[in-house]
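> Under our numbering, the first residue of the sequence shown is numbered 1, with each subsequent residue one higher. Even glycine gets a Cβ: it sits at the ideal position worked out from N, Cα and C. I have a structure here, written as structure tokens, and I will follow up with some questions on it.
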Amino acid sequence: ALALTPEPPRPLPPQARPRPEPLPRALRSALFALVLFTFANATDAFLIVLATRLGASPALAPLLWLGLHVIKASTATIGGTLADRFGRRNALALGWLVYAVTWGAIGLAVTLPALFLLVGAYGVSHGLVEGAERALVADLAAGTARGRAFGAYNMAIGFAAMVASVAFGAIWDAFGTVPAFLGSASFAVVAAVVLLVLVPNKPSEAPPVDGGTGQSGDAMAAREPADPSSHVARSR
């Protein structure tokens, strides 16, 4: 009777959690370039301050803000189309260069009509980059690291944006409007150069990195032994 008594199941040892995959090198380079650009991208509230200094009435200044966001929203689809056609990196670099030109020119504006025209062009630059930024992060992230990639992206951009606005305001107070705007424009140019040099334009140029071995996913797949069942299936 004792021999027929079933043995209770033994608890399985807890499986060790797999080590999280490191973020791919191309993604880290892209995040570095994005942080550099964010240092150049101070809050748009400074545009309202500049407009009031150039003589805008309290009723006209909000229209500048409204027009800016209408242009941003209406050009976002164009930016996404360019990113799909010419690559995320190229579309992003183009948007950053447009930003550098328009933001620097805004600091040199001396009349309200010139300021309004330049702010419109500045809004186009945001339409070019906002969708391309997120698409680039998604393309360069490894499959299992995509959540961490966007977490790192949002954290880095958030901190850099706070630093950018504080630094921009400090430079404005200490040295004036022109150095503040031209300094930010210079940062945007540097960010575009870093992006073009360090980041591939196509995801296929940056294969995801395997966390355990440091090798690309394609290289690991090539080393895996073939499944015998696949040979049997092909021989039938």
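Mind checking whether Lys-72 and Gly-127 have CB atoms under 7 angstroms apart?
Yes, the pair counts as a contact, with Cβ atoms nearer than the cut-off.
> DSSP three-state call for Ser-57: helix, strand or coil?
If DSSP states are grouped into helix, strand and coil, Ser-57 belongs with coil.
> If you reduce the DSSP assignment to three classes, tell me which class Leu-23 lands in.
DSSP places Leu-23 in coil when its eight states are reduced to three.
> In terms of alpha-carbon separation, which member of Phe-181, Ala-132, Val-178, Tyr-153 lies closest to Thr-75?
Nearest option by C-alpha distance: Ala-132.
> What are the start and end residues of the alpha helix (DSSP H) that includes Pro-179?
Unbroken alpha helix (DSSP H) run through Pro-179: 177-198.
> Starting from the Cα of Asn-201, find the closest Cα among Pro-22, Glu-21, Ala-152, Ala-26 and give me that residue.
If we check each option's Cα against that of Asn-201, Ala-26 comes out closest.
> Name the two residues that bound the continuous alpha helix (DSSP H) containing Arg-88.
Looking at the DSSP string, the run of the alpha helix (DSSP H) that includes Arg-88 is 88-108.
> What residue range does the alpha helix (DSSP H) around Gly-131 cover?
Residues 112-140.
> Between which residues of its own chain and Ala-206 is the CB-CB distance below 7 angstroms, once the five residues before and five after are set aside?
Confidence at Ala-206 is low in this model, with a pLDDT of 45, below 50, so its placement is unreliable and no value can be given for it.
> Quick one: what does DSSP say Ile-48 is sitting in, helix, strand or coil?
Here Ile-48 sits in helix by DSSP.
> Smallest Cα separation from Thr-102: which of Leu-68, Gly-143, Ala-135, Thr-77?
Considering only alpha carbons, the answer is Leu-68.
> Would you kindly work out how many angstroms separate the C-alpha atoms of Ala-59 and Phe-168, rounded to a whole number?
Cα-Cα distance, rounded: 26 angstroms.
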